[in-house]
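Student: Have a look at the structure that comes next, please.
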Amino acid sequence: MIDGRPDLGPHGMGGEFGHIIVRPGGTPCGCGLNGCLAQYASAGAVAARYAAVTGTAVTGARDVVARLIAGDPIAARVWDEAIDALADALLTAAALFDPGRVVVGGGLAEAGDVLMVPLAEALTAKATFHALPELATAELGDLAGCLGAGLSAWDLVP
Numbered sequence: 019m020i021d022g023r024p025d026l027g028p029h030g031m032g033g034e035f036g037h038i039i040v041r042p043g044g045t046p047c048g049c050g051l052n053g054c055l056a057q058y059a060s061a062g063a064v065a066a067r068y069a070a071v072t073g074t075a076v077t078g079a080r081d082v083v084a085r086l087i088a089g090d091p092i093a094a095r096v097w098d099e100a101i102d103a104l105a106d107a108l109l110t111a112a113a114l115f116d117p118g119r120v121v122v123g124g125g126l127a128e129a130g131d132v133l134m135v136p137l138a139e140a141l142t143a144k145a146t147f148h149a150l151p152e153l154a155t156a157e158l159g160d161l162a163g164c165l166g167a168g169l170s171a172w173d174l175v176p
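Per our numbering, residue 19 is the first one in the sequence shown, and the count goes up by one each step.
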């Protein structure tokens, strides 16, 4: 955001943090790369990883969070891996952009403090020279992307 407006760059592709490579050579992504953040720290990725490790189907990241809270060690491991990958991506953003605030949205952000507290701890533990940004959850929750896309489309209407 610059002056309260999204700045997606001259090609309109800026802000694709889900495609920052956080695990080189890692899990293949639909974008054609391997190791993208979206393959480790998205709601779908967390659910898929848990199902792959346990052989137990879950309906989404909410199920994994519920199992985490109930003490499931595999859910804890999958969740910790997601937080670690997200912290790596946010440290990259901190090094490149020095943001004052990072707003975390999407399905994972709906976990609230279950995500944000360990994420802040991971950032603090990993940071060296980085000035860490304030972390906040998207007020619009998982709908933020859809509403933002709609508003962007509206801005194009003459």
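Beta carbons are placed, not taken as given, at the ideal position from N, Cα and C, and that holds for glycine.
Tell me which residues share the same chain as Ile39 and place their Cβ nearer than 7 angstroms to its Cβ, disregarding the 5 neighbours each side in the sequence.
Tutor: Leu51, Gly53 and Cys54
Student: May I have the straight-line CA-CA distance separating Val64 from Gly125, to the nearest angstrom?
Tutor: The alpha-carbon atoms of Val64 and Gly125 are separated by roughly 10 angstroms.
Student: Using only alpha-carbon positions, find the residue among Gly22, His29 and Pro151 that is nearest to Leu108.
Tutor: Between Leu108 and the set Gly22, His29 and Pro151, the nearest pair of CA atoms involves Pro151.
Student: Determine the direct distance from the alpha carbon of Asp81 to that of Ala88, and round the result to whole angstroms.
Tutor: 11 angstroms
Student: Apart from the five residues just before and just after Ala145, which ones in its own chain have a Cβ nearer than 7 angstroms to its Cβ?
Tutor: Excluding residues within five positions, the ones whose Cβ falls inside 7 angstroms are Leu109.
Student: Between Ile101 and Leu137, is the Cβ-Cβ spacing less than 7 angstroms?
Tutor: yes
Student: Which residue or residues does DSSP assign as beta-bridge partners of Ile20?
Tutor: Arg23
Student: In terms of residue numbering, what span does the beta strand (DSSP E) encompassing Ala154 cover?
Tutor: Glu152 to Thr155
Student: Just how far apart, CA to CA, sit Leu133 and Ala127?
Tutor: 7 angstroms
Student: If you draw a straight line from the C-alpha of Cys47 to the C-alpha of Phe147, how long is it?
Tutor: 30 angstroms
Student: Of the residues Ala167, Phe35 and Gly22, which one's Cα is nearest the Cα of Ala56?
Tutor: Phe35
Student: Alpha carbon to alpha carbon, how far is Val121 from Leu141? Give it in angstroms, no decimals.
Tutor: 14 angstroms
Student: Report the residue from Gly78, Val96 and Gly123 whose alpha carbon sits nearest the alpha carbon of Thr158.
Tutor: The question names Thr, but residue 158 is Leu in the sequence shown. Per the Cα distances, Gly123.
Student: On a CA-only basis, which of Gly168, Leu174, Pro176 and Ala112 is nearest Leu153? Give me that one, please.
Tutor: Distance from the Cα of Leu153 is smallest, within the candidate group Gly168, Leu174, Pro176 and Ala112, for Ala112.
Student: Take Ala103 and list the residues in its own chain whose beta-carbon comes closer than 7 angstroms to its own, dropping the five residues that flank it on each side.
Tutor: Val40, Arg41, Leu55, Tyr58 and Ala59
Student: Per DSSP, Ile101 is paired with what?
Tutor: Ile101 is not bridged to any residue.
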